[in-house]
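See below for the structure under consideration.
Number of protein chains: 2
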Amino acid sequence: MRLALCQLNPTVGALDANVDAILATAQQARDAGAALAVFPELAVTGYPPQDLLDRPAFLDDVERAVARLVAEAPRGLALLVGAPVRNTAPTGKRLFNAALLVDDGRIAATTFKQLLPTYDVFDEYRYFEPAPPQTVVTFRGVRLGVHLCEDMWNNREEDPYQLYAANPVDDLARQSVDVFVNLSASPFAVGRPAFREGIVRDTVAEHGVPFVLVNQVGANTELVFDGQSSVWQPDGRKAVALRPFAEDFAVWDLGNDENTANAVETSHWDVSTAAPSGDAAHPSSNDIADALPGDAPVHPSMLGADLHAARTDGRDDVDDLLDALILGVKDYFAKQPFFKKALVGLSGGIDSALTAAIACLALGGERVVGVTMPSRYSSSGSVDDSRALADAFGLEFYRVPIVPAVTAFGQMLAGTADSATDATGGDRVGDAVIPGGPTGVTEENLQARTRGVVLMAMSNAHGHLLLTTGNKSETAVGYATLYGDMAGGLAVLSDVFKTDVYKVARRVNERLGKAAIPEPTLTKPPSAELRPGQKDSDSLPPYDVLDPILRAYVEHHLDVDGIVAETGTDAETVRRMLNLVDRNEFKRWQAAPGIRVSTKAFGAGRRFPLVEGWERKA
Amino acid sequence: MRLALCQLNPTVGALDANVDAILATAQQARDAGAALAVFPELAVTGYPPQDLLDRPAFLDDVERAVARLVAEAPRGLALLVGAPVRNTAPTGKRLFNAALLVDDGRIAATTFKQLLPTYDVFDEYRYFEPAPPQTVVTFRGVRLGVHLCEDMWNNREEDPYQLYAANPVDDLARQSVDVFVNLSASPFAVGRPAFREGIVRDTVAEHGVPFVLVNQVGANTELVFDGQSSVWQPDGRKAVALRPFAEDFAVWDLGNDENTANAVETSHWDVSTAAPSGDAAHPSSNDIADALPGDAPVHPSMLGADLHAARTDGRDDVDDLLDALILGVKDYFAKQPFFKKALVGLSGGIDSALTAAIACLALGGERVVGVTMPSRYSSSGSVDDSRALADAFGLEFYRVPIVPAVTAFGQMLAGTADSATDATGGDRVGDAVIPGGPTGVTEENLQARTRGVVLMAMSNAHGHLLLTTGNKSETAVGYATLYGDMAGGLAVLSDVFKTDVYKVARRVNERLGKAAIPEPTLTKPPSAELRPGQKDSDSLPPYDVLDPILRAYVEHHLDVDGIVAETGTDAETVRRMLNLVDRNEFKRWQAAPGIRVSTKAFGAGRRFPLVEGWERKA
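Residue numbers (our numbering), protein chains in the order written: chain A, 1 to 618; chain B, 1001 to 1618.
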């Protein structure tokens, strides 16, 4: 029996467009001789639909969309497709997360998800009732072990601590299955694809049955899905490997390896040309050659990445990181109708340079606008490096010095300089001109906020989406100004530590075969340039010391003792950094959404109280 | 047997202070002859601890705190106290939400929570394993039906749709109980206390057993807990009623009604004077008399509130709303060490006036700083009304006209005015002086953001916490400027619709017995004053039309058809408002935390995708 793996990129909530894409791909699958076309988890709604699932009107529309899908699906093949389904029992959550077997104008079988991820960015028990053990689906005599995403992750080999008592894969195996079929919406994080693959391989090895995994691809708000749908054979071979970070399609014949090899070699399918609708729900593949003027892309090459070992397919974690960020920006624009161009404040530093570069790779340089906003403390290099970057990427470029507004604010605020003393109502009213005005951190923030006002005015006037440029290291310790450099609609790098920002930036230049991100930007000491001679290292440890501390704390939940043991940094420094992270929850509460590329990003998947009194003893 | 109801106000994470308060109150209970002192759910950590529960170091500290509590608890009485407890099973979430019976230096019994609220602001399945049915706890021969908060809410009488298959209260009743004891951390929302009370009354009526409910009080970040712990008798009488929105304490004798009545009359207990620690974890009662200079408080009186019927104890929903907001501000300051004073931008309008008034009621006028920031479009009344408010509440007051900075921005931005055309890299660099500059919405936002910069500079310079003033109606439709009037650390009114803002403001004046909020502020047409003659009604329906639409959509998940049927407003207007709500998720993503006073506030309890493609058909 021939199966089609349909790795689509749905837009959350875009029910009509998502069903159109499913129907078009099903037709493609039938034309390719498939008997069964497999789609991702919640392919009808896109993942994650979040609180749209709380709206009865949305659920009514989902039912209508599923009814249309059933009615219009091509005959002669069946579809296995993810959708939310109402729970008709008198108790429990109102929905199940389901896989529907659509065959010949009806829903022939339904499988409900049993294990509901409710941690980090996942909130599935908020909406769905966990299902009891499910039964094998028999289709044309083949026993399909259908299950959904998390159902396969309760895996003893990969994680000794099991989050759930049930093990749906084992339960299915006990019923005898010919092939496991997993419908996933499994988001990307660095290292996650290899972990996911390990689970599939373990399962195949344990049960001696082939495994088909179809994963969502594309970005929805904070989450990026990497696709990489696959088929694994009991002998340990990967029979099908769909592309990372792009829509893709392949067919595979259960029990016929010759045909399988063929599928891997030839059936990659560019949805951007093949899909009939061609609308925003179906962005073209994120091949960077499309996005750049003139330069031929350099084939991904190895970097001496000290983060993780390189992967066997010639890609490494830095490639994954860069491609995930590009897709995150691309889909953020492609899936909303309001903004066509990206706006970036360029400081001459590495973060804004990489943010602009990624925007150019995602959207094309002609859809990116850069602004340099020198202050009295800016080095001439800041403007020169920003201009060189703009030239290399072909982006629209402006220079708006901020001195006039900063001066005006200084004069306006002089009258409020000593408000801390014995004031009572009325006495201090007036446009006082007490000498003085903002100094220190107040003045630094004032400059950053003046830039924020300039950028937001340009965003408002021209309808550009402002990208914010802070990296994960800065975001962690609060080395950023709320409403200043934190202003913007999408934080491209907020889940990328500073040391990784450099690696990704160098990879951009390697791919482009030129120093598009200027060498001085890559080599000069990091500085906010908010006071004379300021360097990040005045306030923080060097980033190669800081980042391992932050990663251990934020991503692995270690505390002072464990981090000292792991990093060798002194306890006093570690404690000071951890306290900075804690104290800056209030800034992150108001931060722009970021693109999640780690297993613990700032954003919706990390939920700390703003007001709390825990004092670490260590 | 004498029970003590210990209605405490823990600070999330402040383990030492929370245990100190529990120990001090236990001593008080023993001195009052109690055999058992009952505390709220998760009293050791405070509720909700959120992702602090993901940190092993925090969990280690919790275990140490519980061990100290057990060791130091006064002998001769037992404590029933809420704390997270590790799950020692090989599968499942790592914690249980537990009630510990601490008796004579050991944990004599443990009851785990079965029903884990995972909706709205609740994320309990993120951390806790749901427990199987629990057994009755026998203490000194009395069969205690111990359970935790949500365990009692799966109530057929109050809600025909049951979220859970299990019913812990029924399960306990089947084992025969002498008294139900519920440890709660049940947050306030308008109407919620009456609903909660209804469930208790139904349970008592159904099972014929008295019911002791001990609820947390106080605010933690977004959530306000109203307390109102109580004892209900099988004959339908409320035997004990602890205060709303304040710490409180009472003893009650199981099976002795005389004593019970005594408890209700006399044993109210002001923790602010009685507790030994007296630190920030134990704010004094929110009696408004403490906070105001000179004026004697007016006893709460009835308002002709059309929202809901008045409650039988002489308080109504407007009183609850006002007291919840006061407590929300008070505890936000009391439970963090960084800010002593509140800063409010005063526009002369009702929202900023009420925000400042609530801050004064919570903190005292001497801890509130007001700033009026007139623009060229501000009416003279704006400044006069702001000054009158400042005089009435005795707050520090400044006037900072924004024209100089707005003018400077206009000149700076003139060179960017027509960036939409054929620009390429480099060509447009320079300090261009193209006539023009920001107009329309850009100019309106520029004024609001200039004010935001002024206020944040004052916040930075003096360490004041900026309160943001937007109400729920504005926040819903996006009638607010990101980084402008949305700037601030706490949004006092973001869960209060505009029509309710007026009611609460009038209630403030009634309580104070004078027009502290000036009459012109209460009666003039709402205006943002960002262009000549601007009125809110230019862009939006009148608030008495708008608010019912928004309430039905945001709080009750109705859509166009249902809202037209319920409100009688035309479908076109309703659809336009609903689309405005959807389109402004991006602003709310970056909004300051608000004080939750409804069953569906903007904030952590409402999770919509920013990028989504649902188009309503209706």
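Where a beta carbon is used, it is the ideal one built from N, C-alpha and C, also for glycine. These numbers were taken from a predicted model, which means no experiment stands behind them.
Can you name the start and end residues of the beta strand (DSSP E) that residue i belongs to?
i	result
Gly145/A	142-148
Lys238/A	238-241
Leu465/A	465-468
Arg2/A	2-7
Ala173/A	Counting along the chain, Ala173/A falls outside any beta strand (DSSP E), though it belongs to the alpha helix (DSSP H) covering 168-174.
Thr138/A	137-139
Per DSSP, residue i is paired with what?
i	result
Ile1199/B	Note: Ile1199/B sits in no beta bridge, so no partner.
Trp1232/B	Phe1211/B, Lys1238/B
Arg399/A	Thr372/A
Ser1537/B	Ser1537/B is not bridged to any residue.
Asp103/A	Ala78/A, Arg106/A
Gly227/A	Pro244/A
Leu1036/B	Leu1003/B, Ala1078/B
Asn1695/B	In the structure as shown, chain B begins at 1001 and stops at 1618. Residue 1695/B is therefore absent and cannot be evaluated.
Arg1086/B	Leu1095/B
At what residues does the alpha helix (DSSP H) containing residue i begin and finish?
i	result
Phe211/A	Run containing Phe211/A: none in the alpha helix (DSSP H); it sits in the beta strand (DSSP E), 211-215.
Ala390/A	380-393
Asp1060/B	1056-1072
Gly440/A	440-462
Ser352/A	350-363
Arg506/A	498-512
Pro1520/B	1519-1523
Leu1546/B	1543-1550
Val1190/B	No alpha helix (DSSP H) holds Val1190/B; DSSP gives it neither H nor E.
Using beta-carbon positions only, say whether residue i and residue j come within less than 8 Å of one another.
i	j	result
Ala1591/B	Phe1602/B	yes
Val1142/B	Met1001/B	yes
Val1179/B	Leu1254/B	yes
Pro1010/B	Ala1021/B	yes
Gly365/A	Leu395/A	yes
Leu1389/B	Pro1518/B	yes
Gly105/A	Arg30/A	no
Val560/A	Ala571/A	yes
Gly1568/B	Glu1222/B	no
How would you list, in chain order, the residues of chain A whose beta-carbon sits under 8 Å from the beta-carbon of residue i?
i	result
Gln1114/B	Residues of chain A passing the Cβ test: none, with the nearest at roughly 13 Å.
Ala1405/B	Ala405, Ala408, Phe409, Met412
Trp1589/B	Ala592, Pro593
Taking residue i as the query, report the chain A residues whose CB atoms sit under 7 Å from its CB, ordered along the chain.
i	result
Arg1616/B	Ala57
Arg1126/B	Thr118, Tyr119
Arg1449/B	Val453, Met456
Can you list, in chain order, the residues of its chain with a C-beta nearer than 7 Å to that of residue i? Leave out the 5 residues immediately preceding and following it.
i	result
Pro1117/B	Glu1124, Glu1150
Glu1615/B	none
Name the chain B residues whose beta carbon is nearer than 9 Å to that of residue i?
i	result
Lys514/A	Per Cβ cutoff of 9 Å: no residues; Lys514/A is ~15 Å from chain B at best.
Asp226/A	Residues of chain B passing the Cβ test: none, with the nearest at roughly 18 Å.
Gly92/A	Gln1162, Leu1163, Tyr1164, Ala1165
Could you name the residues of chain B that residue i contacts, counting a contact when the two beta carbons are closer than 7 Å?
i	result
Leu610/A	Thr1221, Pro1593
Val85/A	What Val85/A touches in chain B: nothing, since even the nearest Cβ is about 17 Å away.
Gln336/A	Val1611
Whose C-beta lies closer than 8 Å to the C-beta of residue i among residues of the same chain, with five residues either side of it excluded?
i	result
Lys617/A	none
Leu1610/B	Glu1585, Phe1586, Trp1589
If I measure Cβ to Cβ from residue i and keep anything under 6 Å in the same chain, skipping five residues before and after, which residues do I get?
i	result
Ala405/A	Thr450
Ile1563/B	Ile1549, Ala1552, Val1574
Could you name the residues of chain B that residue i contacts, counting a contact when the two beta carbons are closer than 8 Å?
i	result
Asn445/A	Met1456, Ala1457, Asn1460
Asp51/A	Arg1606, Arg1607, Phe1608
Thr11/A	Val1611, Glu1612, Gly1613
How would you list, in chain order, the residues of chain A whose beta-carbon sits under 9 Å from the beta-carbon of residue i?
i	result
Tyr1377/B	Result: empty, since nearest Cβ-Cβ is about 17 Å, beyond 9 Å.
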